[in-house]
Ligand SMILES: [Zn+2]
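Numbering (my numbering), first residue to last: 1101 to 1736.
Laid out in structure tokens, this is it:
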């Protein structure tokens, strides 16, 4: 998942579940293992057949989940995770059986569903429906989509929200295959993290097969006004019709990314790799649903400058989807490996001067989180302690960027050739195994360090993984392209007559300061904006805007940095554009800090006014996070 920057605050809610009459209510609490109530050590699911009717009128899914399982220990019950599901019937061997749904509805773990089984049972069918508050589901009205013709639904199951869609053993250590029959309104397309249709089916019934075992957090579904366009024989793009052509053009490097990734990870094991461009309210950057990445439309900058997000999600095909963190304590094994891998893919299709910019910007993001958390905070360890906490809190920049920098340091220490061999072997040898930090370090010991103890000491693995803050040997890029940015911004800011300069400036051999920025990528602009003084005068802010047209940029990353700067500088010219941005973009990475910045700078009324209009367009998680800002007036 590419989420960036934040750990989210969730409100504490409790629900009294409506349950069918044959339920034996219980307040007993199953033991929690890896954020799951499931007893998968004793009785473990292995295949799901899911029949689901997507009811857009009621905003619920009415479904049957038929689970195949293995009863290893002759257990007398199988336990599933649920969250706000209305279970109506459970059937084993053709007979309805009684079941128990714990009445205690934990704020993020939900309720355990206990189903009695015999020693030889291997199939259970659960008939149920989701609730309108299902955490993993976002229902959009036609008005909230790009083309405004049909309603739209998408899921976001990571970390532990699959249980709000399907009763399941919702732990990353449990891998299952699935088949599904999904019914949607006629004329609509449905897609899943599975083999997908490429054309719409007139009757609205779609069949899916995922025959490679995956953890539950990678089950995904989207339905709406969706079309497909191929890029090459094994990759393509799904999107709403008006977005499709531009999306396919923006992502035309996907085949090159796949070839680059295979050089490091080994052969791609999921047959196809497609990307679904979601409506603007999609709350995160991207989600690595196998075979079909879900991605925010904010990566469509028009110049391919933000496609590293696709490289990230593609890299997850190996790190995360093939070798999966056993628990959310080990999330750096998914996200750190993937972020490092992403940089290597980008280096392959661009060059090191480009990836140096990615490293530098991400270093800044990581340092912002370390500063925010405090450098003695245990949440700055790579190996986290998420027991008793919402696993969503694990998704800061630490597992992503500290993890990636750790691997980059190892690469620099042992050499690229040796490290690449390690990566390929790691993915091959640990395929479909749940991976813990300890197991990964043992593998590293056996395959990387055993002949190079000096290198291990130099890296200081223990400090990187089990201690807080950032070790002093953290690698840094040369970032020459950013040196140029800083040189130019100094000229621009120091000049007394700066914005009338249009002729040759001889200093530093730069012929014309305006020619250089024209060739900048998004990353150079981001660095330029991030390095500007925070207390820029209104006059200079205005002149910068008049010269470089930041307020009306269509690039979401640049717009975000500019809005953050402008709010701080009380530059109100942005207000109409800012409101338009917040009404149309739902990505938490942008939305939450912008509201926070508005509140912090005394614009509470403006923030509140915009939020009232915009909140219907946001994912529930985004709405919750912004609401918290207003409730707590969380101002730093
Ligand atoms: Zn990720």
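For each residue, glycine too, the CB sits at the ideal point set by N, CA and C.
Since the model is a prediction, treat every value here as computed from it, not as a measurement.
To the nearest angstrom, how far is it from the Cα of residue i to the Cα of residue j?
| i | j | result |
| --- | --- | --- |
| residue 1115 | residue 1180 | Confidence is the limiting factor: at residue 1115 the pLDDT is only 29, short of 50, which leaves the residue's position unreliable, though a coordinate-based value still follows. Roughly 18 Å between the two C-alpha positions. |
| residue 1694 | residue 1578 | 31 Å |
| residue 1490 | residue 1591 | 48 Å |
| residue 1319 | residue 1645 | 44 Å |
| residue 1106 | residue 1726 | For residue 1106, the pLDDT reaches just 34, beneath the cut-off of 50, and the residue's location in the model is therefore unreliable, although a value from the coordinates is still provided. Roughly 12 Å separates the two Cα atoms. |
| residue 1297 | residue 1244 | 24 Å |
| residue 1521 | residue 1548 | 9 Å |
| residue 1348 | residue 1189 | 44 Å |
| residue 1354 | residue 1449 | 10 Å |
| residue 1101 | residue 1169 | 28 Å |
| residue 1505 | residue 1575 | 7 Å |
| residue 1255 | residue 1717 | 15 Å |
| residue 1268 | residue 1213 | 9 Å |
| residue 1340 | residue 1431 | 32 Å |
| residue 1391 | residue 1642 | 46 Å |
| residue 1722 | residue 1667 | 21 Å |
| residue 1451 | residue 1477 | 35 Å |
| residue 1513 | residue 1337 | 39 Å |
| residue 1155 | residue 1292 | 17 Å |
| residue 1565 | residue 1524 | 22 Å |
| residue 1308 | residue 1372 | 14 Å |
| residue 1253 | residue 1407 | 24 Å |
| residue 1526 | residue 1483 | 19 Å |
Which first and last residues belong to the beta strand (DSSP E) in which residue i is found?
| i | result |
| --- | --- |
| residue 1164 | 1160-1171 |
| residue 1291 | 1289-1292 |
| residue 1223 | 1223-1229 |
| residue 1665 | Element bounds for residue 1665: not the beta strand (DSSP E) but the alpha helix (DSSP H), 1656-1668. |
| residue 1280 | 1275-1283 |
| residue 1375 | 1373-1377 |
| residue 1401 | First-last for residue 1401: undefined, no H or E at that position. |
Need the endpoints of the alpha helix (DSSP H) that residue i sits in, please.
| i | result |
| --- | --- |
| residue 1525 | 1516-1529 |
| residue 1459 | 1452-1473 |
| residue 1647 | 1638-1648 |
| residue 1365 | 1354-1365 |
| residue 1347 | 1341-1350 |
| residue 1540 | 1537-1544 |
| residue 1559 | 1553-1559 |
| residue 1586 | 1580-1594 |
| residue 1432 | 1431-1449 |
| residue 1677 | 1675-1684 |
| residue 1058 | Look at the range of the chain in this structure, 1101 to 1736, and you will see that residue 1058 is not part of it. |
So what does DSSP say about residue i, is it helix, strand or coil?
| i | result |
| --- | --- |
| residue 1733 | coil |
| residue 1532 | coil |
| residue 1691 | helix |
| residue 1410 | helix |
| residue 1505 | helix |
| residue 1617 | helix |
| residue 1252 | strand |
| residue 1213 | strand |
| residue 1218 | coil |
| residue 1482 | coil |
| residue 1235 | coil |
| residue 1268 | strand |
| residue 1564 | helix |
| residue 1099 | An answer regarding residue 1099 cannot be provided, because it is not within the stretch 1101 to 1736 covered by the chain. |
| residue 1324 | strand |
| residue 1712 | helix |
| residue 1141 | coil |
| residue 1258 | coil |
| residue 1190 | strand |
| residue 1317 | helix |
| residue 1722 | helix |
| residue 1704 | helix |
| residue 1306 | strand |
| residue 1147 | strand |
Is any heavy atom of ligand 3 found at a distance shorter than 6 Å from the C-beta of residue i?
| i | result |
| --- | --- |
| residue 1438 | The model on display carries ligand 1 but not ligand 3. |
Inset, instruction - Answer yes if the region 1466-1484 comes into contact with the region 1395-1407, meaning at least three C-beta pairs across the two stretches below 8 Å, and no otherwise. - result: no
Inset, instruction - For the region 1326-1343 and the region 1424-1441, state whether three or more C-beta atom pairs, one from each stretch, are separated by less than 8 Å. - result: no
Inset, instruction - Count the C-beta pairs between the region 1620-1628 and the region 1365-1385 that are closer than 8 Å, then say yes if the count reaches three, no if not. - result: no
Inset, instruction - Mind the definition here: the region 1522-1535 touches the region 1411-1429 only if three or more C-beta pairs lie below 8 Å; say whether that holds. - result: yes
Legend entry - contact_flag[the region 1261-1268, the region 1280-1289] where n(CB pairs < 8 Å) is 3 or more: no
Inset, instruction - Say whether the region 1221-1241 touches the region 1184-1204, bearing in mind that this needs 3 or more beta-carbon pairs closer than 8 Å, one atom from each stretch. - result: yes
Legend entry - the region 1406-1415 contacting the region 1270-1277, beta-carbon criterion three pairs below 8 Å: no
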